[in-house]
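Residue numbers (my numbering): 363 to 525.
Here the structure is laid out as C-alpha cells; the discussion comes afterwards.
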Amino acid sequence: MKNIVVFDGNRKFKAYLKSQLDLLRISWDIKDNPNKLYGTYDYVVINNGGIIDKYKEGFSSKYILLNMDLLENSRINLSGNIITYGLGNRNTVTVSSMEKDNGSFVYCIQRALSSNIDSIVQPEEIPIDRTFKDDYELYSFMATITIALIEGMDSYDIRKYFN
Numbered sequence: 363m364k365n366i367v368v369f370d371g372n373r374k375f376k377a378y379l380k381s382q383l384d385l386l387r388i389s390w391d392i393k394d395n396p397n398k399l400y401g402t403y404d405y406v407v408i409n410n411g412g413i414i415d416k417y418k419e420g421f422s423s424k425y426i427l428l429n430m431d432l433l434e435n436s437r438i439n440l441s442g443n444i445i446t447y448g449l450g451n452r453n454t455v456t457v458s459s460m461e462k463d464n465g466s467f468v469y470c471i472q473r474a475l476s477s478n479i480d481s482i483v484q485p486e487e488i489p490i491d492r493t494f495k496d497d498y499e500l501y502s503f504m505a506t507i508t509i510a511l512i513e514g515m516d517s518y519d520i521r522k523y524f525n
C-alpha cells in the first residue's frame, strides 16, 4: 500500500486521484489531515503550493510531485526526488495534444526517473484516450500515471486500464 499525502484546496483533485489509482489497481492510503503529518511517506503530491506553506517540518517523502502551474509564489523547502508536472514544457511531466471534447491527451515524461523497482523510467509519450472533466482531472492524470510508472507499471498496461 502506498502512503500518499496530497496538498490541494480542491477536493475534486483528490477524488480524481483516488479513482484513477483504483483503476490502475494501485493500493493507496491517502492522508486526509495534513495537520498531523509526521514520518516518511511514499509520495507527496503538491497540487497547490499555497496550502503547503504552513507544513514544512515533520515529514519527508521519497517522491514529491509538484504542480508548477498552481505553485503561487510559495516557498517550499522539501527534500526528495522532486518531479514537476503541469502544462509548461520545462516540467518533468506534461501533456500535449489535449482534446477535451474528443477525450484524449498525450502524457509526456521528459526526463528519466528512478523507479521503486530498481530500474529507470525512460522518457516517453503515452497516448491516453479518455475524457477529462476539467484541469484538476488532467493534473490528477499526470500525477497518477507518474506514480504508476515509478511503481513499475508499463505504459501498455496504463493505456489498457484508462482507455
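Ideal Cβ positions, reconstructed from N, Cα and C, are used throughout, including at glycine.
Assign I509 to one of three DSSP states: helix, strand, or coil. As a working note, residue 509 is residue 147 in the sequence shown. It is helical.
6 Å Cβ shell around S389 - same chain, five flanking residues per side excluded: Numbered from 1 along the sequence shown, position 27 holds the residue referred to as residue 389. Answer for S389: M363, listed in chain order.
Alpha carbon to alpha carbon, how far is T454 from L432? Give it in angstroms, no decimals. Looking up residue 432 in the sequence shown gives position 70. Looking up residue 454 in the sequence shown gives position 92. One C-alpha to the other measures close to 15 Å.
For T493, collect the residues of the same chain with a Cβ closer than 7 Å to its Cβ; drop the 5 residues on either side in sequence, then sort them by chain order. Here the question's residue 493 lines up with position 131 in the sequence shown. G465.
With DSSP collapsed to three states, give me the class of K495. The residue you call residue 495 lines up with position 133 of the sequence shown. Of the three classes helix, strand and coil, the one that applies to K495 here is coil, per DSSP.
Under the DSSP definition of a beta bridge, which residues are partnered with T446? As a position in the sequence shown, residue 446 is number 84, starting the count at 1. In the DSSP output, where bridge partners are listed per residue, T446 has L428.
Just checking my contact of S477 with I512 at CB under 8 Å: how many whole Å lie between their CB atoms? As a position in the sequence shown, residue 477 is number 115, starting the count at 1. As a position in the sequence shown, residue 512 is number 150, starting the count at 1. Contact flag correct, Cβ pair sits at about 5 Å.
Should Y501 and L386 be called a contact, given that it needs their Cβ atoms to be closer than 8 Å? Residue mapping note: residue 501 aligns to position 139 of the sequence shown, counting from 1. Residue mapping note: residue 386 aligns to position 24 of the sequence shown, counting from 1. Contact: no.
Between G450 and V483, what straight-line distance do the alpha-carbon atoms span, to the nearest angstrom? Start at 1 with the first residue of the sequence shown, and residue 450 comes out as number 88. Start at 1 with the first residue of the sequence shown, and residue 483 comes out as number 121. Spanning the two alpha carbons is a distance of roughly 20 Å.
Under 8 Å between C-beta atoms of L427 and V407: Sequence index remark: in the sequence shown, residue 427 carries index 65 (1-based). Sequence index remark: in the sequence shown, residue 407 carries index 45 (1-based). A contact, by the Cβ cut-off of 8 Å.
Between the Cα of S481 and the Cα atoms of M504, M515, Y378, which residue gives the shortest distance? As a working mapping, residue 481 is identified with position 119 in the sequence shown. Selected option, being the one with the closest Cα: M515.
According to DSSP, what are the bridge partners of N365? To locate residue 365, count along the sequence shown from 1; it is residue 3. Answer by DSSP bridge pairing, in chain order: D391.
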